[in-house]
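Colleague: Letter by letter, the sequence shown follows residues -21 to -1, 1 to 239 of mature numbering (1 follows the signal peptide of the UniProt record, and there is no 0).
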Amino acid sequence: MKTIFKLILGLCLIPGSLTFAQSTRAITSGIIEYEKTANMYTLMRKKIPKDNIYVYNQNKPHYDNYLKNEPQYLKLYSSLIFGNNTSLFTPKPLAKPIFDYYNQPLVDQANIVFNNFTKSQSTIQKEYFERTFSVRDTLRRIKWKITDETREIAGYVCRRANGLLLDSVYAVAFYTDKIHVSGGPESFNGLPGMILGIALPHDNITWYATKVTEAPADVKKLVPPKKGTPIDNKGLLIELMKRYKDKGEIGRSFMKGYVL
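(1) Taking the CB atoms as reference points, tell me whether Asn183 and Ala17 lie closer together than 8 Å.
(2) State buried or exposed for Pro40, treating a residue as buried only when at least 16 other CB atoms are found within 10 Å of its CB.
(3) What residues in its chain sit with their C-beta under 8 Å from that of Trp123, if we drop five residues either side in the sequence?
(4) For the structure I just gave you, are there three or more beta carbon pairs, one from the region 70 to 89 and one from the region 190 to 203, closer than 8 Å?
(5) With Leu66 and Gly162 assumed to form a contact (beta carbons below 8 Å), what rounded beta-carbon distance in angstroms separates them?
(6) Based on the DSSP secondary-structure assignment, which residues constitute the bridge partners of Glu12?
(7) Whose C-beta lies closer than 6 Å to the C-beta of Leu53 among residues of the same chain, with five residues either side of it excluded?
(8) Return the chain-ordered ranges of every beta strand (DSSP E) run that is complete within the region 55 to 126 and spans a minimum of 3 residues.
(9) So, with DSSP's three-state summary, where would you put Thr21?
(10) Tell me which same chain residues have a C-beta within less than 7 Å of the C-beta of His181, skipping the five on either side of it?
Following this line, the structure appears as structure tokens:
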């Protein structure tokens, strides 16, 4: 009996076995680092619509210049701290600002997002040109369909789910049920675990976790952002319609980027 006990103890101390034990333990608090990737060649091409010849002629030289001098994929970084069934998503500053003609809401990271999953409430500090809004509303509702496909992200086996948000935006998410918080980057949520990867295929944008660190929840940091004029989602949409309702395809793209 002592020999069997020693054998079992020895197996538990093998590094590979220890790693397996750690990877299967449920995590309820920690920090996730995300990398956002934008396919700028495709996004820049969308800024030269043929339905508006003036905008086409104005933006075409900038598109050609981007192809010659800039990389195809723009990388942006952010972090998500989570615990106590809440999360706080915070973008990291860009090393080099995006030139105005190359920038657009889908590319930029203009949101600080606090989600309270127990109360189903969110507070988003949103930068909108030279204005700052504090968008307070219920959690975003996304229609998810979970599939059998899996992928490993940041050391976790994640299951794929296909989603529809804002009535027409298609999303592909990969989540892990080893992290017991139903959140993700930006305002993405609603799956039985943490979203570590998400793509908007028709918008040429992805977010993928690069590192997950288990750590105690820092209650001093896990609080809603306080800056900005209070508004709800309906009020924000009214503000966006005032500016973009007559701007054609470009206007629709900008509105989508601001409400995501």
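Built from N, CA and C at the ideal position, the CB exists for glycine as well.
Modeller: With the given structure in hand:
(1) Locating residue 183 in the sequence shown gives position 204, counting from the first residue. Locating residue 17 in the sequence shown gives position 38, counting from the first residue. Asn183 places its beta carbon less than 8 Å from that of Ala17.
(2) Position 61 of the sequence shown, counted from the first residue, corresponds to residue 40. If you draw a 10 Å sphere on the C-beta of Pro40, you find fewer than 16 other C-beta atoms in it, and that means exposed.
(3) To locate residue 123, count along the sequence shown from 1; it is residue 144. Same-chain partners within the cutoff: Ala140, Asn141, Gly142, Ala152, Gly169, Leu170.
(4) Contact between the region 70 to 89 and the region 190 to 203 is absent, because fewer than three Cβ pairs lie under 8 Å.
(5) Indexing the sequence shown from 1 puts residue 66 at position 87. Indexing the sequence shown from 1 puts residue 162 at position 183. It is Ser, not Leu, that sits at residue 66 in the sequence shown. Yes, Ser66 and Gly162 are in contact; Cβ-Cβ is about 4 Å, under 8 Å.
(6) Indexing the sequence shown from 1 puts residue 12 at position 33. Glu12 pairs with Ser58, Lys190.
(7) Here the question's residue 53 lines up with position 74 in the sequence shown. So the list reads Ala17, Met19, once near-sequence residues are dropped.
(8) The DSSP assignment places 65 to 70, 90 to 95, 100 to 107, 110 to 117 as complete runs of the beta strand (DSSP E) inside the region 55 to 126, in order along the chain (cut-off: 3 residues).
(9) Residue numbering aside, residue 21 sits at position 42 when the sequence shown is read from its first letter. Three-state result, Thr21: helix.
(10) The residue labelled residue 181 in the question sits at position 202 within the sequence shown. Counting only Cβ-Cβ distances below 7 Å, and skipping sequence neighbours, we find Tyr149.
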